[in-house]
Amino acid sequence: MRASIAIAVGLIVLAALGLATLSDPVYAAEEGKREAPPIDVSTGKRLNEAIEALNAQKYADAKAILSKMNMEKLSPYEQSRVYQIQASIAGAQNDYDGVRKNMQSAITSGGLNDEEMQEARYQIAQMFIAEEKWQEGINALNEWFATAVNPNSTAYYLLAVAYYQLKKPDQALPPAQKAVELSGTPRESWLQLLLALRIEKEQYQEAVPILKQLVIADPSKKNYWVQLSAVNRQLERYEDSLAVLEVANLAGLLTSDSDLRPLTDLEAFVGIPYRAATNLEKFIGKGSVKADEKAYERLAYSWIEAREYKKAVAPLQKAGEMHENGDTFVRLAEVQLQRQEWAGAADALQKALSKGGVKDPGNTQLLMGIALYSNKQPKEARNWFQRAAGHAKQRTQAEAWIKHIDADQSSS
C-alpha cells in the first residue's frame, strides 16, 4: 500500500524571513538577538519601498526597485537583505527555485547572523521539497538538523515525506513518528503518512492507534473506519473488526457493495449468521449489494448456518441458475433433502447434472437415488445407485442401497 500523501511545505515567506519595514534609525534589532549592523539611510529607504511594494503584491515594482541597487556598494548585511526580499518575491509567485537561489545568495553574502543562517538553510531545504527534489531536500534537512536547536515537527515531517517519496520506508518512519510525537495535535496528512508507513511495513498493531486518532479527528471519513476494520482483521481481531464496521454502518457511511459485503461476512464469521442473512437480504433488496451469484450463495449459507433451511432455498435456486456448473444445485438438493422435500431435491439434482461440471458426480448420483427412493420411486432410484456404485468413493453406500431395494422388492 502506498498512500497519496499531501505535502504541506508550510512556508510563510514574509513572516519566516522577518521582512517588516525597516525603522528610521535603520537598525533591525529584535529582543534577544544580536544587534543588526547599520543600514545606509538611502539603502534602507529603497529596501522599505521594495518591502511595501511586495506587501501590496506589486511584485514587478518591488523587483524594479531592487534592480536599481548597486550590489557592489552594499555591505554584506545589506546584500543579504536584498536577497531575502528577492526570495520573498519569488516565494509569493511560487517560484521555489528563485527562493532557494536567493536564500543561498543571502548566506553567501556573509551578512546573516547564526540564527538567520539556520533559518535560511531551513528555507532552502523546504524549497527542495516543494520542488520535489527529494534527495537534495534530504541532504539539506540533515545538514540543518546537525546544528538546529529544538527542531520543529514540520521539519521532521518534510524529511519523512522525502524518504517516503524515494520509497525508503525504513528511513521515513523515524522522522514521521517524531513529527507526530512533537505535535500536540498532529495534522491529518502527518497521521496519514505515519499510517501508510506502518501498513507498508505490516506493523498492524502500531497502525491501530493511528487509525483511531484519524477516526476521532474526522469521523465522517469512511475510509478510516474501513481501514481500521481491515487492520483488526489482519490482527485476527474479528469481533473488533465487525464492531468498527457496525458503527460506521449505523452512521450511514457504508453504502456501497464493497463496504457492505465485508460487514455481513464478518457477522457470519463471528457466529451471528441470522443477523448476517437478515442484513444481506435487506442490502440485496435495496440494491446496495449486487444481486449476483456470490451474494445469493452467501445469503443461502448464512440462512443454513442459522438453521433457517426454508429461507435458504430461494437464494440457492437463484445462485444455481447463475453458477457456471451444477454444484450450487447440489447444495440446494442437500438442503431440500434435509427438509424432506424429495421431489424438489430430485429436480435440483437433475438441474445440477444438466448443467454439468459438478465436482463429485458420484455423490450427485447417490443423492439422486436417495431423493427418488424417498419419493417412492425405487426403480428409478436403483438405476441411480447403480451409476453411483461406479465411483469408488460412493460404491459401498450405493451397493447397500441396491441391496435394500432388492430386499424390499423380493419381500413384496
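Heads up: the sequence shown is residues 15 to 426, going by the numbering used here. The beta carbon of each residue, even a glycine, is placed where N, CA and C say it ideally should be.
- Query: Which class does T199 belong to by DSSP, given the choice of helix, strand or coil?
  - Reply: What you label residue 199 is simply residue 185 of the sequence shown in a count that begins at 1. The answer is coil: DSSP assigns T199 none of H, G, I, E or B.
- Item | For Y238 and V229, the rounded distance between their alpha carbons | Residue 229 sits at position 215 when you count from the first residue of the sequence shown. Residue 238 sits at position 224 when you count from the first residue of the sequence shown. About 6 Å.
- Item | For A176, the nearest candidate out of F142, I53, W158 and Q391 (CA to CA) | Here the question's residue 176 lines up with position 162 in the sequence shown. The residue with the shortest Cα to Cα distance from A176 is F142.
- Simplified DSSP state of M117, which is helix, strand or coil: Working through the sequence shown from its first residue, we reach residue 117 at position 103. The answer is helix: DSSP assigns M117 an H, G or I state.
- Task: Return the Cβ separation of Q350 and V327 in integer angstroms, given the expectation that the two are a contact with Cβ distance under 8 Å.
- Result: Counting from 1 along the sequence shown, the entry for residue 350 is found at position 336. Counting from 1 along the sequence shown, the entry for residue 327 is found at position 313. That pair is a contact at about 7 Å.
- How many Å lie between N153 and E92 at the Cα? Start at 1 with the first residue of the sequence shown, and residue 153 comes out as number 139. Start at 1 with the first residue of the sequence shown, and residue 92 comes out as number 78. N153 and E92: Cα-Cα distance of roughly 29 Å.
- Contacting residues, own chain, Cβ-Cβ under 7 Å from E413 (five flanking each side not counted): As a working mapping, residue 413 is identified with position 399 in the sequence shown. Cβ neighbours of E413 beyond the five flanking positions: A403.
- Item | Beta carbon of W204 nearer than 7 Å to that of L180 | Start at 1 with the first residue of the sequence shown, and residue 204 comes out as number 190. Start at 1 with the first residue of the sequence shown, and residue 180 comes out as number 166. Result no, Cβ atoms of W204 and L180 do not sit closer than 7 Å.
- C-alpha distance - N339 paired with A357, whole-angstrom precision: Start at 1 with the first residue of the sequence shown, and residue 339 comes out as number 325. Start at 1 with the first residue of the sequence shown, and residue 357 comes out as number 343. Computed Cα separation, rounded: 21 Å.
- Reduced DSSP category for I26 - H, G, I as helix; E, B as strand; rest coil: Here residue 26 refers to the residue found at position 12 of the sequence shown. With a pLDDT of 29 at I26, under the threshold of 50, the modelled position of that residue is not reliable, and the figure given next carries that caveat. It is coil, neither helix nor strand.
- For W415 and chain D, any beta-carbon pair shorter than 7 Å? Judged by its chain identifiers, the structure shown contains no chain D, having just a single protein chain.
- Message: Check this for me: beta carbons of D341 and K373, under 7 Å apart or not?
- Response: Indexing the sequence shown from 1 puts residue 341 at position 327. Indexing the sequence shown from 1 puts residue 373 at position 359. Yes, they are a contact pair.
- Item | Straight-line Cα distance separating A385 from A305 | Sequence index remark: in the sequence shown, residue 305 carries index 291 (1-based). Sequence index remark: in the sequence shown, residue 385 carries index 371 (1-based). Straight-line Cα distance between these residues: approximately 30 Å.
- Message: Which of the three DSSP states is assigned to K263 in this structure?
- Response: Your numbering for residue 263 matches position 249 in the sequence shown. Per the sequence shown, the amino acid found at residue 263 is Asn instead of Lys. Correct three-state label for N263: helix.
- Message: Taking the straight line between their C-alpha atoms, what separation do you get for T4 and K325?
- Response: No information on residue 4 is available, as it lies outside the stretch 15 to 426 that the chain covers here.
- Message: Need the endpoints of the alpha helix (DSSP H) that A402 sits in, please.
- Response: The sequence position of residue 402 within the sequence shown is 388, counting from 1. Per DSSP, A402 belongs to the alpha helix (DSSP H) from P392 to A402.
- From I419, K393, S388 and L380, residue whose alpha carbon lies closest to that of R409: Numbered from its first residue, the sequence shown carries residue 409 at position 395. Nearest option by C-alpha distance: L380.
- How long is the line joining the alpha carbons of L242 and P183, rounded to whole angstroms? Counting from 1 along the sequence shown, the entry for residue 242 is found at position 228. Counting from 1 along the sequence shown, the entry for residue 183 is found at position 169. The alpha-carbon separation between L242 and P183 amounts to approximately 21 Å.
- Query: Going by beta carbon distance, what residues of the same chain come within less than 6 Å of T35, once the five residues before and after it are set aside?
  - Reply: Locating residue 35 in the sequence shown gives position 21, counting from the first residue. Note that T35 has pLDDT 40, beneath the 50 cutoff, so the model's placement of it is unreliable and no number is given.
- Are the beta-carbon atoms belonging to A320 and A347 less than 7 Å from one another? Taking the sequence shown and counting its residues from 1, one reaches residue 320 at position 306. Taking the sequence shown and counting its residues from 1, one reaches residue 347 at position 333. No; because the gap between Cβ atoms is not below 7 Å, this pair is not in contact.
- Classification of K407 by the beta-carbon crowding that lies within 10 angstroms, buried from 16 upward: The count along the sequence shown starts at 1 and reaches residue 407 at position 393. That one is exposed.
- Item | Pairwise C-alpha distance: A221 and L268 | One-based indexing of the sequence shown puts residue 268 at position 254. One-based indexing of the sequence shown puts residue 221 at position 207. Near 22 Å, if we compare the C-alpha coordinates of A221 and L268.
- Is DSSP giving I286 helix, strand or coil here? Within the sequence shown, residue 286 is the residue found at index 272, counting from 1. Looking at I286 - three-state DSSP - the assignment turns out to be coil, as it is neither helix nor strand.
- Through-space distance from R396 to I416, alpha-carbon basis: Taking the first residue of the sequence shown as position 1, residue 416 is located at position 402. Taking the first residue of the sequence shown as position 1, residue 396 is located at position 382. Going from the Cα of I416 to the Cα of R396 covers about 6 Å.
- Are the beta-carbon atoms of P90 and G124 separated by less than 7 Å? The count along the sequence shown starts at 1 and reaches residue 90 at position 76. The count along the sequence shown starts at 1 and reaches residue 124 at position 110. Yes; because the gap between Cβ atoms is below 7 Å, this pair is in contact.
- Task: Can you grab the Cα-Cα spacing for the pair K296 / L172, in whole Å?
- Result: On the sequence shown, position 282 is the one that residue 296 refers to. On the sequence shown, position 158 is the one that residue 172 refers to. For K296 and L172, the distance between alpha carbons rounds to 47 Å.
- Item | Rounded C-alpha distance that separates T378 from S302 | Working through the sequence shown from its first residue, we reach residue 378 at position 364. Working through the sequence shown from its first residue, we reach residue 302 at position 288. Answer to the nearest angstrom: the Cα atoms are 35 Å apart.
- Task: Measure the C-alpha to C-alpha separation of P188 and I213 and round it to an integer number of angstroms.
- Result: As a position in the sequence shown, residue 188 is number 174, starting the count at 1. As a position in the sequence shown, residue 213 is number 199, starting the count at 1. Those two C-alpha atoms are separated by around 14 Å.
- S81: buried (16+ other C-beta within 10 angstroms of its C-beta) or exposed? Numbered from its first residue, the sequence shown carries residue 81 at position 67. Answer is exposed; the Cβ neighbour count stays below 16.
- Message: Between which residues of its own chain and D232 is the CB-CB distance below 8 Å, once the five residues before and five after are set aside?
- Response: Stepping through the sequence shown from its first residue, residue 232 is reached at position 218. Leaving aside the five residues that flank D232 on each side, the residues in its chain whose CB is nearer than 8 Å to its CB run, in chain order, E202 and Y238.
- Measure the C-alpha to C-alpha separation of A160 and P223 and round it to an integer number of angstroms. Position 146 of the sequence shown holds residue 160. Position 209 of the sequence shown holds residue 223. Using only the alpha carbons, I get a separation of about 31 Å.
- Along the chain, where does the alpha helix (DSSP H) that runs through E311 open and close? Position 297 of the sequence shown holds residue 311. Note, E311: alpha helix (DSSP H), E307 to E319.
- Message: Within the continuous alpha helix (DSSP H) that includes Q98, where are the two ends?
- Response: As a position in the sequence shown, residue 98 is number 84, starting the count at 1. P90 to A106 is the span of the alpha helix (DSSP H), which, as asked, contains Q98.
- Message: Here's the rule I'm using: 16 or more other beta-carbon atoms within 10 Å means buried, otherwise exposed. How should N4 be labelled?
- Response: Limits of the chain in this structure are 15 at one end and 426 at the other, which puts residue 4 out of reach.
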